[in-house]
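Peer 1:
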Amino acid sequence: MNLIGEAFAWIFAGDQSPFDPLGLALGVQLLYTFISVVIAGLIAIPLGWFIGHTGKGRETAVAISGAARAIPSFGLLILLTLLLGVLHKPEAAVISFVILAIPSLLAGAYTGLEAIDRRVIDAGRSMGMTEMQIFWRIEVPLGLPLLVGGIRAATLQVLATVTIAAYIGLGGLGQYIIAAIPLRRFDMLIGGAILVAVLALVIDGLFALLQHLVVPRGIRVAGAAQPQRRSARRRRAEALAVGAPAAPPATS
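Our numbering numbers the first residue of the sequence shown as 1359 and each following residue consecutively.
Structure follows, in structure tokens:
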């Protein structure tokens, strides 16, 4: 408990010299997270929507996502830093974090569309809606909660992994953790870890609220009336969106 108390004392001391102030370190942590998730979203979300709408390329997307999840982020960061050179360390870091974020974003985008009851889409077609109208007025709104779930998972993964950017001198909250180990500054080590954990919890809470708000009102009402009725397809889609292994479909 004494170490925890010293860690909080270090956090609230307001003097982190010779390292960056907490405000600057926090800003760097959020900046790299935001840039990486936005770039990954521009790549993965349109591709995921295409896969979910057309049903084409799903197996390839699953294979690529699985392979990307297996890549060690720290090793990739070091490799890209060596390949691009020390003058391009920020670019190497962003590329590493983008690759980390793509699988969750891709899964959230296409599973959100795949989880939609096909009868709803057929009803839209029977009303004379075009494919673009079906996509933007039916599929995107109904698939948005799972997409936000994918963004939530990707953001938390990147936010935690940005900590290793300090290893190549890019700052962020990880600088306190990495520097504290050889210095045996356990107050700074635990304090840095607490800051990363608290930041992740705050971001996760905000995304949880957003994920609830983007659920269409009609579905929220129906879900409240029948909370136990959730299809196996929906459960598998939610598992894929957050990167968890989905249970295999039941066989008769």
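Backbone N, C-alpha and C define an ideal beta-carbon position, used for all residues, glycine too.
The structure displayed is predicted, hence computed values, not measured ones.
By alpha-carbon positions, which one of Asp1475, Leu1388, Ala1419 and Glu1472 ends up nearest to Phe1455?
Peer 2: Numbered from its first residue, the sequence shown carries residue 1455 at position 97. Comparing Cα-Cα distances from Phe1455 to each of Asp1475, Leu1388, Ala1419 and Glu1472, the minimum goes to Leu1388.
Peer 1: Buried or exposed for Val1516, please, with buried defined as at least 16 other CB atoms from any protein chain shown within 10 angstroms of its CB.
Peer 2: Walking along the sequence shown from the start, residue 1516 turns up at place 158. With 16 or more other Cβ atoms within 10 Å, it is buried.
Peer 1: Quick one: what does DSSP say Lys1447 is sitting in, helix, strand or coil?
Peer 2: As a first step, residue 1447 is located in the sequence shown; it is residue number 89 there, counting from the start. Looking at Lys1447 - three-state DSSP - the assignment turns out to be helix.
Peer 1: For Ile1492 and Leu1435, which I take to be in contact (beta-carbon distance under 8 Å), what is that distance rounded to the nearest angstrom?
Peer 2: Here residue 1492 corresponds to residue number 134 of the sequence shown, with the count starting at 1. Here residue 1435 corresponds to residue number 77 of the sequence shown, with the count starting at 1. No, Ile1492 and Leu1435 are not in contact; Cβ-Cβ is about 41 Å, not under 8 Å.
Peer 1: Count Cβ pairs between the stretch 1488–1507 and the stretch 1552–1562 that sit closer than 8 Å; are there 3 or more?
Peer 2: no
Peer 1: Leu1504 and Ala1473 - do their beta-carbons sit closer together than 8 Å?
Peer 2: Position 115 of the sequence shown, counting from 1, holds the residue named residue 1473. Position 146 of the sequence shown, counting from 1, holds the residue named residue 1504. Yes, Cβ-Cβ distance for Ala1473 and Leu1504 is below 8 Å.
Peer 1: By a C-beta neighbour count over all protein chains shown, 10 Å radius and 16 as the cutoff for buried, is Trp1368 buried or exposed?
Peer 2: Mapped onto the sequence shown, residue 1368 falls at position 10. Buried, since its Cβ has 16 or more Cβ neighbours within 10 Å.
Peer 1: Measure how close the beta-carbons of Gly1410 and Gly1470 come, nearest whole angstrom, since I'm counting them as under 8 Å.
Peer 2: The residue given as residue 1410 occupies position 52 in the sequence shown. The residue given as residue 1470 occupies position 112 in the sequence shown. 7 Å between Cβ atoms; contact.
Peer 1: What would DSSP say about Ser1375, mapped onto helix, strand or coil?
Peer 2: Translated into positions along the sequence shown, residue 1375 becomes position 17. Ser1375 falls in the coil class under three-state DSSP.
Peer 1: Could you tell me if Arg1510 is buried or exposed, where buried requires 16 or more neighbouring beta carbons within 10 angstroms of its beta carbon?
Peer 2: The residue you call residue 1510 lines up with position 152 of the sequence shown. Buried, by the Cβ-count rule.
Peer 1: Give the secondary structure of Met1485 by DSSP, where H, G and I count as helix, E and B as strand, and everything else as coil.
Peer 2: For this step, residue 1485 is matched to residue 127 along the sequence shown. In the three-state scheme derived from DSSP, where H, G and I count as helix and E and B as strand, Met1485 is classed as coil.
Peer 1: Examine the ligand HEM and report whether any of its heavy atoms sits within less than 7 Å of the Cβ of Ile1397.
Peer 2: Within the structure as shown, the ligand HEM is missing, as the structure has no ligands at all.
Peer 1: Grouping DSSP H, G and I as helix and E and B as strand, with all else coil, what is Ala1473?
Peer 2: As a first step, residue 1473 is located in the sequence shown; it is residue number 115 there, counting from the start. Three-state result, Ala1473: coil.
Peer 1: May I have the straight-line CA-CA distance separating Leu1553 from Leu1531, to the nearest angstrom?
Peer 2: Translated into positions along the sequence shown, residue 1553 becomes position 195. Translated into positions along the sequence shown, residue 1531 becomes position 173. So the alpha carbons of these two residues sit roughly 7 Å apart.
Peer 1: I'd like to check one pair, Gln1533 with Phe1377: are the Cβ atoms closer than 8 Å?
Peer 2: By one-based count along the sequence shown, residue 1377 stands at place 19. By one-based count along the sequence shown, residue 1533 stands at place 175. Between Phe1377 and Gln1533, the C-beta gap is smaller than 8 Å, which places the two residues in contact.
Peer 1: Residues in the same chain with beta-carbon distance under 7 Å from Ala1523, minus the five sequence neighbours each way, listed in chain order, please.
Peer 2: By 1-based counting over the sequence shown, the position of residue 1523 is 165. Answer for Ala1523: Tyr1390, Ala1451, Gly1530 and Gly1532, listed in chain order.
Peer 1: Look at the alpha carbon of Pro1499 and the alpha carbon of Arg1543, and state the distance between them as a whole number of angstroms.
Peer 2: Taking the sequence shown and counting its residues from 1, the one referred to as residue 1499 is at position 141. Taking the sequence shown and counting its residues from 1, the one referred to as residue 1543 is at position 185. So the two alpha carbons sit approximately 49 Å from each other.
Peer 1: By the DSSP assignment, the alpha helix (DSSP H) with Leu1341 in it spans what residues?
Peer 2: Here the chain comprises residues numbered 1359 to 1610, so residue 1341 is not present and cannot be evaluated.
Peer 1: Using alpha carbons as the reference points, say which of Tyr1468, Gly1482, Gly1443 and Phe1432 lies closest to Glu1417.
Peer 2: For the purposes of this step, residue 1417 is identified with residue 59 of the sequence shown, where counting begins at 1. The candidate whose alpha carbon is nearest that of Glu1417 is Tyr1468.
Peer 1: Hey, out of Val1520, Leu1440, Gly1501 and Ala1512, whose CA is closest to Gly1385's CA?
Peer 2: Reading the sequence shown from its first residue, position 27 is the one you call residue 1385. Selected option, being the one with the closest Cα: Val1520.
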